[in-house]
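Student:
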Amino acid sequence: MSTAHHHPSLKSQIPAAHLAIVERLGQTFHAAGKELVLVGGIVRDMLLEIELPADLDFATNALPEETEELGLAAGAESSYLIGAHFGTVGLVFRLPNEDMVNVEITTYRAEHYPDDTRKPAVEWGETLEDDLSRRDFTVNAMAADPLTGEIIDPYGGQADLAMAIIRAVGDPEARFREDPLRLLRGARFVAQLGFAVEARTFDAMIAQAPSLARISKERIYAELTRLLTGPYASHGLDTLADTGQFQQVLPDIAFLPDESPLPGGPHREKDLWEHTKRVVDRSAARPVVRWSALLHDAGKPLCRAISPSGEIHFIGHEREGGVLASKVLARLNADRATQTAVRRIVELHGRPESYDDSWTDSAVRRLMLDAGDQLDDLLELVAADVTSARTEKQTAARKRIDALRAHIARLEAERALGDYQSPLDGQELMALFNRPPGKWIGDIKDALREMVIDGDLEPEDKSGASSIATRLLAMLDQGKGVDTVS
Ligand code: ATP
Ligand code: MG
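In terms of our numbering, the sequence shown opens at residue 8 and continues consecutively.
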């Protein structure tokens, strides 16, 4: 190994219960004369001192069968093979608090790419260095010794972490050609870590962006979703746009990053792409909300019109945006639920923005019905969709959303109360006792409703309600108050 630094702080990053598993595995493999190291994302995240993933990833020079044996000897409760020919053994450990921990141990690999268009052929690698050399970025190509905490870092991953740089391992263009998914992974790590792409790696992204055509829609969609939900999503989007990846994987909205302000005028349009990115960053980091944020104003350029008085309008852009959202997500084979949810949110996002005191209960109820299960996500988007630099505007917009949320909460509370109905209505009581309408109906219904609210009677229990009503009516006829019933 060319470089090796000692990192005493390393182990402080792993929770004690997990560390016990890591050390037991390290000792068991060591005793059997096999190498075992923590590898990839977990090493990167440990060194960044950010929250670690729940799962532990290792690499070893043991072959899968032996890995499985050693893993069970180290105390794993069960084991399974993840695609036997990829050489990954999954192990499940139980923590003292009964939580389960997944461990994945992969035999060192070396990959060979027979040509550009075929899938890589996987071969066992001889050494850890073979294994690290096939990994995508320097910050992902480090390993850590589970017993000593020593970092194995042949490609300068620690230096790149310190400089916050995403740099390909080896020749960037060749690495992207081998596996174009790495282009999107690079942009995704920018969005997750807030790093910048190193210049040669960046140029190679530009050169290789067209090779993304070889990647399946599902994998593209999964990477884009991870990018969009990253804390630095706008940086990831810039990386996509500036390397031509955006145009490649999102052709239906390829125009969006090129949208710039219209020149001058009394109602200068805000820069659509800058606005879009800010809304993405500001919105809740959930897939549906972030996709909606990316697409919410994408219909605007198609609807732009200028009125005789010189004002810019985008009438109908929500509907047009909904159409675009469907196109974009269908092209990426997104699941149906996400497609429907995002389209609905994009179509509706103009409505909560226009909420004011004049809205009636039924107008709010209609919005609640139209938004359905997407109501929360819709309000999240609308709350984020205020990027004005003017604080009065910001404050007014926040008040408007708060007032709408309060209005919705009131209607929901009333609806919940509305569920507490007498199991028998007036018609049923009249039929049951063959009596004409009168004050007695209200008295009995109120008493029954009170019992439902107190939980002494089910709202559907008509027969139970009938016998209670019979007793109540007898008491009423004797001139007693109904509230003396027990
Ligand atoms: P996270 O799981 O936090 O998203 P990660 O770095 O663990 O990040 P994974 O997709 O889980 O990412 O991959 C684990 C490791 O495998 C990576 O750190 C990297 O070393 C390697 N790797 C994954 N995908 C590729 C790829 N397409 N090309 C080369 N190496 C890859
Ligand atoms: Mg991982």
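Note that beta-carbon positions come from the ideal geometry of N, C-alpha and C, so glycine has one too.
DSSP three-state label for D210, please.
Tutor: Locating residue 210 in the sequence shown gives position 203, counting from the first residue. Reduced to three states, the DSSP call for D210 is helix.
Student: If you measure from the CB of G97, is any heavy atom of the ligand MG nearer than 7 Å?
Tutor: Residue mapping note: residue 97 aligns to position 90 of the sequence shown, counting from 1. G97 Cβ: outside cutoff for every heavy atom of the ligand MG.
Student: At 3 residues or longer, and completely inside the segment 12 to 90: list those beta strand (DSSP E) runs for me, N to C.
Tutor: Qualifying beta strand (DSSP E) stretches, in chain order: 43 to 46, 63 to 67, 85 to 89.
Student: Tell me where the alpha helix (DSSP H) around T477 begins and ends.
Tutor: As a first step, residue 477 must be located in the sequence shown, where it is residue number 470. It spans 469 to 484 - the alpha helix (DSSP H) in which T477 sits, taken as one unbroken run.
Student: Please work out which residues of its chain come closer than 6 Å, Cβ to Cβ, to T394, disregarding the five sequence neighbours upstream and downstream, and give them in chain order.
Tutor: The sequence position of residue 394 within the sequence shown is 387, counting from 1. Hits under 6 Å: H282, R285.
Student: Could you compute how far the alpha carbon of K446 sits from the alpha carbon of A390?
Tutor: Residue 446 sits at position 439 when you count from the first residue of the sequence shown. Residue 390 sits at position 383 when you count from the first residue of the sequence shown. Spanning the two alpha carbons is a distance of roughly 49 Å.
Student: Mapping the DSSP letters down to three states, classify M149 as helix, strand or coil.
Tutor: One-based indexing of the sequence shown puts residue 149 at position 142. Coil.
Student: Provide the residue span of the beta strand (DSSP E) that contains T113, from first to last.
Tutor: In the sequence shown, the residue the question calls residue 113 occupies position 106. Here the beta strand (DSSP E) through T113 covers 107 to 114.
Student: So, is P273 buried or exposed, given that buried needs 16 or more other C-beta atoms within 10 angstroms?
Tutor: In the sequence shown, counting from the first residue as 1, residue 273 sits at position 266. The pLDDT assigned to P273 is 38, lower than 50, so where the model puts this residue is not dependable; a value taken from the coordinates is nonetheless given after this. So P273 counts as exposed.
Student: Considering only heavy atoms of the ligand MG, does any lie closer than 7 Å to the CB of D160?
Tutor: Here residue 160 corresponds to residue number 153 of the sequence shown, with the count starting at 1. D160: no, Cβ never under 7 Å from the ligand MG.
Student: Would you mind working out which of P443, E354, L436 sits nearest G323, comparing C-alpha positions?
Tutor: For the purposes of this step, residue 323 is identified with residue 316 of the sequence shown, where counting begins at 1. The option with the nearest alpha carbon to G323 is E354.
Student: Which one of K469, A420, K487 has the shortest CA to CA distance from D450?
Tutor: Translated into the one-based positions of the sequence shown, residue 450 becomes position 443. The candidate whose alpha carbon is nearest that of D450 is K487.
Student: Can you find at least 3 beta carbon pairs, one from the segment 366 to 376 and one from the segment 410 to 427, that sit closer than 8 Å?
Tutor: Flag = yes, the segment 366 to 376 and the segment 410 to 427 touch.
Student: Helix, strand or coil, according to DSSP, for G425 in the structure here?
Tutor: Within the sequence shown, the letter at position 418 stands for residue 425. Helix, per DSSP.
Student: With H, G and I counted as helix, E and B as strand and the rest as coil, what does DSSP make of I158?
Tutor: On the sequence shown, position 151 is the one that residue 158 refers to. Reduced to three states, the DSSP call for I158 is strand.
Student: D138: beta carbon under 7 Å from a heavy atom of the ligand MG?
Tutor: Counting from 1 along the sequence shown, the entry for residue 138 is found at position 131. Not so, every heavy atom of the ligand MG lies at least 7 Å from the Cβ.
Student: Look up T95 in the DSSP assignment and give the residues it is bridged to.
Tutor: Here residue 95 refers to the residue found at position 88 when the sequence shown is read from its first residue. Answer is I89, T113, bridged to T95.
Student: When we look at the beta-carbon of V442 and count the other beta-carbons within 10 Å, is it buried (16 or more) or exposed?
Tutor: Translated into the one-based positions of the sequence shown, residue 442 becomes position 435. It should be pointed out that residue 442 corresponds to Arg in this sequence rather than to Val. Looking at its Cβ environment, which holds fewer than 16 other Cβ atoms inside 10 Å, R442 is exposed.
Student: I'd like the list of long-range same chain contacts for G97, defined as Cβ closer than 6 Å, with 5 residues on each side in sequence excluded.
Tutor: Position 90 of the sequence shown, counted from the first residue, corresponds to residue 97. These residues qualify, in order along the chain: Y87, I89, E111.
Student: Does DSSP classify R142 as helix, strand or coil?
Tutor: For the purposes of this step, residue 142 is taken as residue 135 along the sequence shown, with counting starting at 1. Here R142 sits in coil by DSSP.
Student: Excluding sequence positions up to five away, which residues of its chain have a Cβ less than 8 Å from the Cβ of G306?
Tutor: Translated into the one-based positions of the sequence shown, residue 306 becomes position 299. Hits under 8 Å: F321, G323, H324, E325, R326, E327, G328, G329, V330, L331, V353.
Student: If I measure Cβ to Cβ from P430 and keep anything under 8 Å in the same chain, skipping five residues before and after, which residues do I get?
Tutor: Walking along the sequence shown from the start, residue 430 turns up at place 423. So the qualifying residues of the chain are L455, V459, L464, E465, P466, E467, D468, K469, G471, A472.
Student: Is DSSP giving F100 helix, strand or coil here?
Tutor: Position 93 of the sequence shown, counted from the first residue, corresponds to residue 100. In this structure, F100 counts as strand in the three-state DSSP scheme.
Student: Checking 8 Å against the spacing of the C-beta atoms, do T114 and W131 come in under that value?
Tutor: Locating residue 114 in the sequence shown gives position 107, where the first residue counts as 1. Locating residue 131 in the sequence shown gives position 124, where the first residue counts as 1. Yes, Cβ-Cβ distance for T114 and W131 is below 8 Å.
Student: Using a Cβ distance threshold of 8 Å, determine whether the segment 137 to 149 contacts the segment 31 to 42, with at least three qualifying pairs required.
Tutor: No contact exists between the segment 137 to 149 and the segment 31 to 42.
Student: Between the C-alpha atoms of L544 and A300, what's the straight-line distance to the nearest angstrom?
Tutor: Residue 544 is absent from the structure shown; the chain starts at 8 and stops at 493.
Student: Go through its chain and collect everything with a Cβ distance to Q20's Cβ below 7 Å, but skip five positions before and after it.
Tutor: Numbered from 1 along the sequence shown, position 13 holds the residue referred to as residue 20. Counting only Cβ-Cβ distances below 7 Å, and skipping sequence neighbours, we find M53, E56, L59.
Student: Within 10 angstroms of the Cβ of D167, are there 16 or more other Cβ atoms? Answer buried if so, exposed if not.
Tutor: The count along the sequence shown starts at 1 and reaches residue 167 at position 160. Buried, because 16 or more other Cβ atoms sit within 10 Å of the Cβ of D167.
Student: Would you say G47 touches the ligand ATP, meaning its beta carbon is less than 7 Å from a heavy atom?
Tutor: Residue mapping note: residue 47 aligns to position 40 of the sequence shown, counting from 1. Yes, the beta carbon of G47 sits closer than 7 Å to at least one heavy atom of the ligand ATP.
Student: From what residue to what residue does the alpha helix (DSSP H) around W298 run?
Tutor: Counted from its first residue, the sequence shown places residue 298 at position 291. That run of the alpha helix (DSSP H) goes 294 to 302.
Student: Kindly indicate if chain D contains any beta-carbon less than 8 Å away from that of D288.
Tutor: Considering every chain present, this structure includes no chain D. It has just one protein chain.
Student: I'd like to confirm something about A148: is its beta-carbon nearer than 7 Å to some heavy atom of the ligand ATP, or not?
Tutor: Reading the sequence shown from its first residue, position 141 is the one you call residue 148. Yes, the Cβ of A148 comes within 7 Å of a heavy atom of the ligand ATP.
Student: In angstroms, rounded to a whole number, what distance separates the CA positions of G271 and D278?
Tutor: Residue 271 sits at position 264 when you count from the first residue of the sequence shown. Residue 278 sits at position 271 when you count from the first residue of the sequence shown. Bear in mind that the predicted position of G271 carries a pLDDT of just 43, short of 50, making it too unreliable to give a figure here.
Student: Any heavy atom of the ligand ATP closer than 7 Å to the CB of L188?
Tutor: What you label residue 188 is simply residue 181 of the sequence shown in a count that begins at 1. Correct: L188 has its Cβ closer than 7 Å to the ligand ATP.
Student: Within the segment 328 to 372, note down every full beta strand (DSSP E) run reaching 3 residues or more, in order along the chain.
Tutor: The segment 328 to 372 contains no whole beta strand (DSSP E) run of 3 or more residues.
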